[in-house]
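J.: After the structure tokens below, expect a handful of questions from me.
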Amino acid sequence: MLKKLLLAVVVVGISVLTAACGFSEQDTLPKEKARLKIVTSFYPMYIETINITRGVPGVEVLNMTKPQTGCLHDYQLVPEDLKTLETADVFVINGAGMENFLDKVIKQNAQLKVIEASKDISLLMEGAHEHNSEHKHTHEEVANPHVWVSVSNAILQVQNIGAQMAVLDPEYAEQYQKNTAAYVQKLVALKTEMHEELANITAKDIITFHEAFPYFAREFDLNLVAVIEREPGSEPTPQELKATIEKVKALKVKALFTEPQYSAKSAQALSEATGAKVYVLDPAVTGDATKDSYDDYLVIMKKNAKTLKEALQ
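Structure below.
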């Protein structure tokens, strides 16, 4: 009897200690290994993918790049990225030239299934500045990869990923299709809301500081008259800045748009020279990749619409 009493006390004591320390039986058990591991190249692809795979059993989604990486222009893979991809079954990329490291990934991971979100989406072209061996500037046309910044294109990307996931994981094809339809419905509602928000703006001319917004401008019938920094962090030359100042004055541009991911130094200089006001538009490229990120794109784009309305009305 005494032994039973002592045993009961010990069990209760362990239970109390476990609860006090924040542990549970579930915490002490090893986590079930994912049936399907999906890695996304950067934040916009992560948001789209978690919405498509929501609730599908045994699927794990990881974002390869760090929260504040931004667009993947000239991104260099680090050992941690390659380690993450070694254990991946699927790699979801934006495509359209955004992931210029893709050849290296495929070469090192021959079995990796790659899903290109921008497959068959009509692309805009932009001028690229390069240096040849004689250090002279050369210019060539390349595809602009920032397709997700247009809500219409984001819808196409989601449909692309959803269709390809249904093929790769046919057992749960119906769930992928339902999730895709549900998220597309949210995006269609967002698109309608943004068009209503921006329907009566009178000024159409805008200047941005990165090539992230041509698709966005096309979607909402805006006139993108100049892009100051073709690549983030590439300060304009004095001649380029002078030419832009003259253009802003001639067109009476009221608003300059920077991005929260990059310095607004050039924008401030341009604002001081012309009187145009500086605003912030977010291309939705940075954020913490967590299970609570489902609606981040919706929230960011709604804020962009309000910013544009304030700036251009």
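Residue numbering for the sequence shown is -19 to -1, 1 to 294, as defined by mature numbering (1 follows the signal peptide of the UniProt record, and there is no 0). C-beta: ideal position from N, C-alpha, C; glycine also.
1) Using the Cα positions of residue 105 and residue 96, report the straight-line distance between them to the nearest angstrom.
2) Using only CA atoms, which one of 277, 267 and 262 lies nearest to residue 292?
3) Could you tell me the alpha carbon to alpha carbon distance between residue 142 and residue 50, rounded to whole angstroms?
4) CB-CB under 6 Å to residue 153, same chain, minus the five flanking residues each way: which ones, in chain order?
5) Tell me the residue span of the beta strand (DSSP E) that contains residue 41.
6) Would you report the Cα separation of residue 2 and residue 270, rounded to the nearest angstrom?
7) Would you say the region 39 to 49 touches the region 15 to 22, given that touching needs at least three Cβ pairs under 8 Å?
8) Who are residue 321's beta bridge partners in DSSP?
9) Comparing C-alpha positions only, which one of 246, 74, 267 and 228 sits nearest to residue 353?
10) Report back the beta-carbon spacing between residue 240 and residue 264 to the nearest angstrom; my notes put them in contact at under 8 Å.
11) Run through DSSP, which three-state label would residue 189 get?
12) According to the Cβ coordinates, are residue 125 and residue 192 closer than 7 Å?
13) Tell me, to the nearest whole angstrom, how far the beta carbon of residue 274 is from that of residue 28; I am working on the premise that it is less than 8 Å.
14) Count the other CB atoms, across all protein chains shown, that sit within 10 Å of the CB of residue 25; report buried if there are 16 or more and exposed otherwise.
15) Can you give, in chain order, each stretch of the beta strand (DSSP E) that sits fully within the region 160 to 246 and has at least 3 residues?
16) Note the first and the last residue of the continuous alpha helix (DSSP H) segment covering residue 139.
17) How do the region 178 to 191 and the region 220 to 236 stand: do at least 3 beta-carbon pairs fall below 8 Å, yes or no?
18) Across the region 145 to 162 and the region 193 to 204, are there enough close Cβ pairs to call them in contact, namely three or more that are closer than 8 Å?
19) Could you give the distance in angstroms between the alpha-carbon of residue 258 and the alpha-carbon of residue 54?
20) For the beta strand (DSSP E) that contains residue 47, what are its first and last residues?
21) Could you pull the start and end residues of the alpha helix (DSSP H) that residue 97 belongs to?
22) With distances taken from CA atoms, which of 88, 127, 165 and 132 is nearest residue 144?
23) Residues in its own chain within less than 7 Å of residue 285 by CB, not counting five upstream and five downstream?
24) Could you have a look at residue 14 and say whether DSSP puts it in helix, strand or coil?
T.: The answer reads as follows:
1) 21 Å
2) Among 277, 267 and 262, the Cα nearest to that of residue 292 belongs to 262.
3) CA-to-CA, the gap between residue 142 and residue 50 works out to about 22 Å.
4) 37
5) 40 to 44
6) Note on residue 2: pLDDT 43, under 50, position unreliable in the model; no value is reported.
7) yes
8) For the chain, the structure presents residues -19 to 294; residue 321 sits outside this window and is missing.
9) It is not possible to answer for residue 353, since the shown part of the chain is limited to -19 through 294.
10) About 6 Å; that satisfies the 8 Å criterion.
11) Taken through DSSP and simplified to helix, strand or coil, residue 189 comes out as strand.
12) yes
13) 6 Å
14) buried
15) 186 to 189, 204 to 208 and 236 to 239
16) 132 to 149
17) The region 178 to 191, when compared against the region 220 to 236, does touch it at the 8 Å Cβ threshold.
18) no
19) 28 Å
20) Counting along the chain, residue 47 falls outside any beta strand (DSSP E), and DSSP gives it neither H nor E.
21) Counting along the chain, residue 97 falls outside any alpha helix (DSSP H), though it belongs to the beta strand (DSSP E) covering 94 to 97.
22) 165
23) 262 and 263
24) coil
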